[in-house]
Amino acid sequence: MNGIVWIKHISSFILGLFFINVGIGHFLEPEWFEPIVPTILGDPTFWVLITGAIEIAVGVGLIIPKTRKYSGLLMTLFLIVVYWANLNMWVNDVPLEGKTFATIWHILRLIGQLLMIAVALWVGGWIPKRNRNEN
-13 MNGIVWIKHI
-3 SSFILGLFFI
7 NVGIGHFLEP
17 EWFEPIVPTI
27 LGDPTFWVLI
37 TGAIEIAVGV
47 GLIIPKTRKY
57 SGLLMTLFLI
67 VVYWANLNMW
77 VNDVPLEGKT
87 FATIWHILRL
97 IGQLLMIAVA
107 LWVGGWIPKR
117 NRNEN
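For the record, in the sequence shown the residue sitting at position 100 is 86 according to the working numbering, with numbers rising by one throughout.
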């Protein structure tokens, strides 16, 4: 296994564990996530639990090499869709635990989201295109 493939496997494992952990958090403390759910969507608990389940499933999928390609793509689509909640928090100055965040925090969150999208596409082999010799 060459160095890049090894780094990709480790990155997949770390990103997968991160999303499994965050997904579990959706079930353990749904009330923490509920304030940022856009009100137009209705019951925030429903959306928090659904997104938590998706995060766990896709996190597991990133860890398993045979499912990594499509999990990377699904994670990318998921990260794009759920950014709506973060944008809602930014635009409407929604507090978390009674605290609102400065614009710089929201910009850093957006950059983090874009980096996670790039890593999900990379570990899934969507960018750059895979070399035929790469696993």
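Even for Gly, the Cβ is constructed at its ideal location relative to N, Cα and C.
Residue i and residue j closer than 9 Å at C-beta
i: Met61; j: Leu48; result: yes
i: Gly38; j: Phe64; result: no
i: Val109; j: Lys(-6); result: yes
i: Phe4; j: Gly45; result: yes
i: Ala106; j: Leu59; result: yes
For residue i, the three-state DSSP class (helix, strand or coil)
i: Gly28; result: coil
i: Glu15; result: coil
i: Ile50; result: coil
i: Asn7; result: helix
i: Val44; result: helix
Own chain, CB closer than 6 Å to residue i, minus 5 neighbours either side, in chain order
i: Pro16; result: Thr31 and Val34
i: Val8; result: Glu41
i: Ile6; result: Ile42 and Gly45
Same chain only: Cβ atoms within 8 Å of residue i, ignoring 5 sequence neighbours per side
i: Gly11; result: Trp18, Phe19 and Gly38
_Validate contact between the region 21 to 33 and the region 77 to 84 using beta carbons, cut 8 Å, 3 pairs_ = Enough Cβ pairs lie closer than 8 Å, so yes.
_Complete alpha helix (DSSP H) runs within the region 56 to 115 (minimum length 4 residues, chain order)_ = If we require 4 residues or more, the alpha helix (DSSP H) runs fully inside the region 56 to 115 come out as 89 to 109.
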